[in-house]
Amino acid sequence: MQANPEIDFTNPDALIAALLPAVRDAGRVEMAHFQKGVAIEQKADRSPVTVADREAEAVLLTALSRIAPGVQLVAEEDIAAGATHGYARRFFLIDALDGTRLFIRGKPEFSINVAYVEDGRAAFGLIFLPPSERLFVTRSDGSAYEARLSLAGDEAFSALNWKKLETRAPDRNALVAFNSRSTGGASAHLLAELNVHEARPLGSAMKFCLIAAGEGDLYARFGETCEWDTAAGQAILEAAGGSVTTLDGKPLTYGHFARGFRNPHFVAWGRQPLWRSGDEASPNARGA
């Protein structure tokens with residue numbers, strides 16, 4: 101892929117346009133492996149990894165190194181392979197295949213996540229869902245948008261049909277939550293406190309995207325996650341009118357190199373937080 105190293109990568113529309121060919125290529129790689137199956141390896145933390153993770157990440161890292169030369173790239177499989185990073189004021193976070201366990205199980209609930217972080221804040225987000233070809237981004241006007249990115253085509257940024265996203269106002273009598281398929285039970289106490297009407301299990305960063313699109317109200321995560329799992333989704337959700345906070349109601353922040361890019365427990369909200377730790381009868385932070 102040819103990319104222009106002179107691009108103003110801090111301009112979201114320009115960054116999206118430059119990234120689209122690589123995002124499409126990474127999606128093609130993942131769907132090819134998804135359809136025929138892949139061998140599974142185990143990383144040092146006992147989490148699974150496949151050749152699809154590594155090949156898709158290589159495509160994205162090559163593109164970003166051309167688009168934003170000299171800017172630090174923090175990628176999940178690169179870190180797992182032993183890469184180390186010191187503090188940086190600005191950097192990219194890449195999770196080329198978020199939802200590897202579901203990918204392995206044949207569930208079409210995985211995503212490609214790319215985020216740009218500046219001064220601890222997720223300033224740009226791009227999430228692509230290869231199975232459904234849904235693309236979610238933050239654009240230069242500060243809003244979040246969705247478009248269909250065909251894996252079979254080669255449409256440029258300007259040819260895509262963009263739909264502006266807006267979260268929905270929560271109905272406290274009919275709240276819909278998205279749950280992690282792996283650790284969803286940990287948030288059961290909170291969901292009960294909020295009288296959640298419906299909890300839908302769902303994998304990967306799709307949860308942030310669907311809340312941004314007005315298809316749900318919250319996603320509580322009391323299990324372990326890393327910054328590359330959440331940064332792109334947070335940027336998109338915030339641009340659509342939502343928020344992502346730690347349990348004390350403060351925004352989730354990024355660039356925590358000293359703790360290995362691990363996130364604290366958090367809740368993604370369609371609008372402003374409906375609960376925070378310290379509220380009467382609040383659940384234990386680690387859930388039940």
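Be aware that the sequence shown starts at 101, since it is given in the working numbering, and climbs by one per residue. Heads up, the beta-carbon is just placed ideally off N, CA and C, and yes, glycines get one too.
Confirm, please, whether the CB-CB distance from Val237 to Tyr354 is below 8 Å. As a working mapping, residue 354 is identified with position 254 in the sequence shown. As a working mapping, residue 237 is identified with position 137 in the sequence shown. Here Tyr354 is not near Val237, since their CB atoms are 8 Å or more apart.
Any 3 or more C-beta pairs closer than 8 Å across the segment 168-188 and the segment 343-359: Yes, the segment 168-188 is in contact with the segment 343-359.
Rounded to whole angstroms, what's the CA-CA distance from Leu160 to Thr345? Just pull it up for me. Locating residue 160 in the sequence shown gives position 60, where the first residue counts as 1. Locating residue 345 in the sequence shown gives position 245, where the first residue counts as 1. When rounded, the distance between both Cα atoms is 28 Å.
For Pro230, does the count of other Cβ atoms within 10 angstroms reach 16, so buried, or fall short, so exposed? As a position in the sequence shown, residue 230 is number 130, starting the count at 1. Answer is buried; the Cβ neighbour count reaches 16.
CB-CB under 8 Å to Tyr172, same chain, minus the five flanking residues each way: which ones, in chain order? Position 72 of the sequence shown holds residue 172. Tyr is not the amino acid found at residue 172; the sequence shown has Gln there. If we look at Gln172 and ignore the five residues flanking it on each side, its Cβ neighbours are His185, Ala188, Arg190, Phe191 and Phe192.
Buried or exposed: where does Ser240 fall if 16 or more other Cβ atoms within 10 Å of its Cβ makes it buried? The count along the sequence shown starts at 1 and reaches residue 240 at position 140. By the neighbour-count rule (16 or more Cβ atoms within 10 Å), Ser240 is not buried but exposed.
Limits of the unbroken alpha helix (DSSP H) element including Ile107: Start at 1 with the first residue of the sequence shown, and residue 107 comes out as number 7. Segment: none, Ile107 is in no alpha helix (DSSP H) and carries neither H nor E.
Quick one: what does DSSP say Pro351 is sitting in, helix, strand or coil? As a position in the sequence shown, residue 351 is number 251, starting the count at 1. In the structure shown, Pro351 sits in a strand (DSSP, three-state: E or B).
Please determine, among Leu260, Leu197, Gly182 and Asp108, the residue with the shortest C-alpha to C-alpha distance to Arg166. For the purposes of this step, residue 166 is identified with residue 66 of the sequence shown, where counting begins at 1. Closest by alpha carbon: Asp108.
Ignore the nearest five residues each way along the sequence and tell me which others in Arg128's own chain have a CB closer than 6 Å to its CB. Taking the first residue of the sequence shown as position 1, residue 128 is located at position 28. The residues are Leu251.
From the DSSP output, read off the bridge partner residues of Trp369. The count along the sequence shown starts at 1 and reaches residue 369 at position 269. Answer is Leu318 and Ser343.
Just to confirm, are Leu120 and Phe257 a CB contact at a threshold of 8 Å? On the sequence shown, position 20 is the one that residue 120 refers to. On the sequence shown, position 157 is the one that residue 257 refers to. Closer than 8 Å, so yes.
For Ser243, which residues of its own chain have a beta-carbon under 7 Å away from its beta-carbon, when the five flanking residues on both sides are left out? What you label residue 243 is simply residue 143 of the sequence shown in a count that begins at 1. Counting only Cβ-Cβ distances below 7 Å, and skipping sequence neighbours, we find Lys264 and Ala339.
DSSP state of Gly387, grouped into three classes? Walking along the sequence shown from the start, residue 387 turns up at place 287. Any reading at Gly387 must be qualified, since the residue scores a pLDDT of 31, below 50, and its modelled position is unreliable; no value is offered.
Measuring alpha carbon to alpha carbon, tell me which residue in Trp262, His297 and Ala292 is nearest Asp271. Residue mapping note: residue 271 aligns to position 171 of the sequence shown, counting from 1. Looking only at Trp262, His297 and Ala292, the smallest Cα-Cα distance to Asp271 is reached by His297.
Chain-order list of residues whose beta-carbon lies under 7 Å from that of Glu246 (same chain, five-residue window excluded): Here residue 246 refers to the residue found at position 146 of the sequence shown. The beta carbon of Glu246 sits closer than 7 Å to those of Arg234, Leu235, Phe236, Lys263, Leu265 and Ala313, all from its chain and outside the five residues before and after it, given in chain order.
Exposed or buried, Glu157, counting other C-beta atoms within 10 Å across all chains shown (16 or more means buried)? The residue labelled residue 157 in the question sits at position 57 within the sequence shown. Counting other Cβ atoms within 10 Å of its Cβ, Glu157 reaches 16 or more and is therefore classed as buried.
Can you find the residues in the same chain that come closer than 6 Å, C-beta to C-beta, to Ala180, ignoring five residues on each side of it along the sequence? One-based indexing of the sequence shown puts residue 180 at position 80. Same-chain partners within the cutoff: Lys143.
Given this structure, state the Cα-to-Cα distance separating Asp113 from Leu226, to the nearest angstrom. Taking the sequence shown and counting its residues from 1, the one referred to as residue 113 is at position 13. Taking the sequence shown and counting its residues from 1, the one referred to as residue 226 is at position 126. For the pair Asp113 and Leu226, the Cα-to-Cα distance works out to about 11 Å.
Per-residue DSSP class, three states only, for Lys143: For the purposes of this step, residue 143 is identified with residue 43 of the sequence shown, where counting begins at 1. Annotated three-state conformation of Lys143 is coil, per DSSP.
Could you tell me how far apart the beta carbons of Ala195 and Trp328 are, in whole angstroms, since I believe they sit closer than 8 Å? For the purposes of this step, residue 195 is taken as the residue at position 95 of the sequence shown. For the purposes of this step, residue 328 is taken as the residue at position 228 of the sequence shown. Inspection of the sequence shows that residue 195 is occupied by Asp rather than by Ala. The C-beta distance from Asp195 to Trp328 rounds to 4 Å, short enough to meet the 8 Å contact threshold.
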